[in-house]
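For what it's worth, numbering that gives the first Met the number 0 labels the leading residue of the sequence shown as 0, then goes sequentially.
A short write-up of the structure that comes next.
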Amino acid sequence: MGSSGIDWKLPDHPKLPKGKVIGLIVLDGWGEANADQYNCIHVAETPVMDSLKKGAPERWRLVRAHGTAVGLPTEDDMGNSEVGHNALGAGRIFAQGAKLVDAALASGKMFEGEGFKYIKESFATNTLHLIGLMSDGGVHSRLDQLLLLLKGASEQGAKRIRVHVLTDGRDVLDGSSVGFAEILENELVKLREKGVDAQVASGGGRMYVTMDRYENDWSVVKRGWDAQVLGEAPYKFKNVVEAIKTLRAEPNANDQYLPPFVIVDDSGKPVGPIVDGDAVVTFNFRADRMVMLAKALEYADFDKFDRVRVPKIRYAGMLQYDGELKLPSKYLVEPPEIDRTSGEYLTYNGVHTFACSETVKFGHVTFFWNGNRSGYFNDKMEEYVEIPSDNGITFNVQPKMKAIEIAEKARDAILSGKFEQVRVNLPNSDMVGHTGDIAATVVACKAADEAVKIIFDAIEKAGGIYVVTADHGNAEDMVKRNKTGQPLLDKNGNIQILTSHTLQPVPIAIGGPGLAPGVRFRKDLPSAGLANVAATVMNLHGFQAPSDYEPSLIEVVDN
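Okay, structure coming up:
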């Protein structure tokens, strides 16, 4: 028994041996879609992944990686790397981000919770600031939730509200920011008619202002800080719609990279800098691109850039963005409690684990895999290695990224004989796919396939087992499509590039010299998803999964 009264001992699998090394590979943003010129995985030379699909059908299948399969509200919700790795590691489906926020808004619990009570103390005398992504993409935030938060806050007594918007164009169509701004402005007008001083105070494109992640480029956060907190930006406008339309008219402008702007009054003064006594809410529900801003808002001791002026504020996140750092310390919605993850079980049962990726996905193969928990379960049983990602360039410039370096670390770990599980994330198809550069994404997919080969060769030598899967789709479809699946064209007749994740299923394949004869995918789980992978991997380690885990994808038939 563990300290918490949990029985961590897993029963032995009746037919599968223990002690084989498993190479567990997650290809990030690698879905399955029709073969055409916009399917970069199809276009790329990917002989290793192709051979798995063409090989034994009982050892290759598709699993769901979006919507309810990963805890998101609807089947229109595309998967993402966080919920994907949560499901892969936890073996069960937990209500996630948007779903938690929807429930808290619908029940009104949000406005009764500790976090809201804390920010509410500022309402009588000061301003409530809302900072986040203005989008209906549902990956980081949703516009309808922002509108409900505005309504609820004003009903709870907020008299002066300022919204600091970040434009999207990554999870939604480029250019859709104008329509979102108009919807938001209409709601703010209604609030003003009710006597609430509510307006947009600043803005900028998500990739250039505020929403950096993994401490890749603090200047992105500083640009946001200057506009949101200090009221300083290179561009000044009277209203948000005019701001976005004007900045989008510049050559090569797009929503993701709009420069920072502030809204000013008739005398040219910014309408909404953040000052002592104000309340601030970051309304994104997804963590990865809010953590850096949260640190700047919350930490007294902060040296990543010169904040110039550090207002004494009441700050809360929509959710807590990092459970280990307890950041932010106040939040409006309680997180899913992800307990008893496969990683924790396996360390208790003697499985030595090595996990590796480069910076942009290192957190996924560790923190998110382990149920939003930082650090080791047992530092004598585990080793995590982070390879620094390329800095200061977009990923299409170096589409091979660190795939080969990750694979070589995995190879060395497999051949060392020290580990029974060697887990990696190969980020190429996702990170380069997000740039919308089709040629570069093809190169990225080829590089990922070459990395898989290096790991497979090591598994072959070590007599081990491989499991290769993905966390969600991206690179398999790089074009927006109409209802019949035809590529959409813009007004100049050019195809509209799709930079976002997709709703496609992802492959999972098993094999290797250590795989016991007679192991095959079951036929009775057609709608299985990423959460079924954990029990599958436990079986391949020689254990039965806990009874409440989603069922294993494999069975053993006597030959």
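For glycine and all other residues, C-beta sits at the position ideal for the given N, C-alpha and C.
In summary, Leu-257 is buried, with 16 or more beta-carbon neighbours lying within 10 Å of its beta-carbon over all protein chains present. In the three-state scheme derived from DSSP, where H, G and I count as helix and E and B as strand, Lys-237 is classed as coil.
The Cβ atoms of Pro-259 and Leu-229 lie no closer than 8 Å to each other. Contact between the stretch 337 to 347 and the stretch 523 to 537 is established, with three or more Cβ pairs separated by less than 8 Å. Rounded to whole angstroms, the separation of the alpha carbons of Val-100 and Lys-17 is 42 Å. Counting along the chain, Tyr-347 sits inside the alpha helix (DSSP H) bounded by residues 341 to 347.
One alpha carbon belongs to Ser-328, the other to Gly-174, and they sit about 35 Å apart. In this structure, Cys-444 lies near Thr-45, with their beta-carbon atoms less than 8 Å apart.
In the same chain as Gly-528, and ignoring 5 residues on each side of it, the C-beta atoms closer than 8 Å to its own belong to Val-62, Arg-63, Ala-64, Ala-68, Val-69, Ala-86, Ile-92 and Glu-549, in chain order. Using a Cβ-Cβ distance cut-off of 8 Å, the stretch 8 to 17 and the stretch 505 to 522 are in contact, since at least three pairs of beta carbons, one from each stretch, lie closer than that value.
In the DSSP assignment, Trp-59 forms a beta bridge with Ala-508. Short of 8 Å from the beta carbon of Arg-285, and not among the five residues preceding or following it, lie these beta carbons of its own chain, in chain order: Asn-79, Glu-81, Gly-96, Val-138, His-139 and Ser-140.
Assignment of His-128 by DSSP, reduced to helix, strand and coil, places it in the strand class. DSSP, reduced to helix, strand and coil, places Ala-197 within a strand of the structure shown.
Taking a 10 Å sphere around the C-beta of Leu-488, we find fewer than 16 other C-beta atoms and assign the residue as exposed. Gly-223 is classed as buried because its beta carbon has at least 16 other beta carbons within 10 Å across all chains shown. DSSP places Asn-424 in the uninterrupted beta strand (DSSP E) bounded by 420 to 425. One Cα belongs to Thr-358, the other to Val-188, and the distance between them is close to 43 Å. Close CB contacts of Asp-225 within its chain, under the 6 Å cut and outside five residues either way in sequence, are with Glu-231 (chain order). Here Ile-160 carries a strand assignment [DSSP, helix/strand/coil]. Counting along the chain, the unbroken beta strand (DSSP E) around Phe-520 starts and ends at 518 to 520. For Met-48, the enclosing alpha helix (DSSP H) covers residues 46 to 53. For Ile-403, the enclosing alpha helix (DSSP H) covers residues 402 to 415. Cβ atoms of Ala-402 and Leu-425 come within 8 Å of each other, at about 5 Å.
In this structure Val-441 does not touch Ser-356 by the C-beta definition: roughly 21 Å separates them, more than the 8 Å allowed. Residue pairing by DSSP puts Ser-356 in a beta bridge opposite Glu-385. Residue pairing from DSSP leaves Met-477 without any beta-bridge partner. The C-beta separation of Ala-446 from Met-400 comes to about 7 Å, placing the pair in contact by the 8 Å criterion. In this structure the stretch 375 to 387 does not touch the stretch 119 to 134; the number of beta carbon pairs closer than 8 Å is below three. Within the DSSP bridge table, the entry for Ile-454 names no partner. For Lys-379, the closest C-alpha among the options Gly-66, Asp-300 and Tyr-347 is that of Tyr-347. Here Pro-269 has Gly-230, Val-261 and Val-263 as same chain residues with Cβ atoms under 6 Å from its own Cβ, once five neighbours each way along the sequence are excluded.
Using a 10 angstroms sphere on the CB of Lys-417, the tally of other CB atoms stays under 16, which defines it as exposed.
Boundaries of the beta strand (DSSP E) around Phe-260: 260 to 262. Taking 8 Å as the cut-off, the beta carbon of Pro-387 is found no closer than this to the beta carbon of Val-431. Assigned with DSSP and collapsed to three states, Leu-99 falls in helix.
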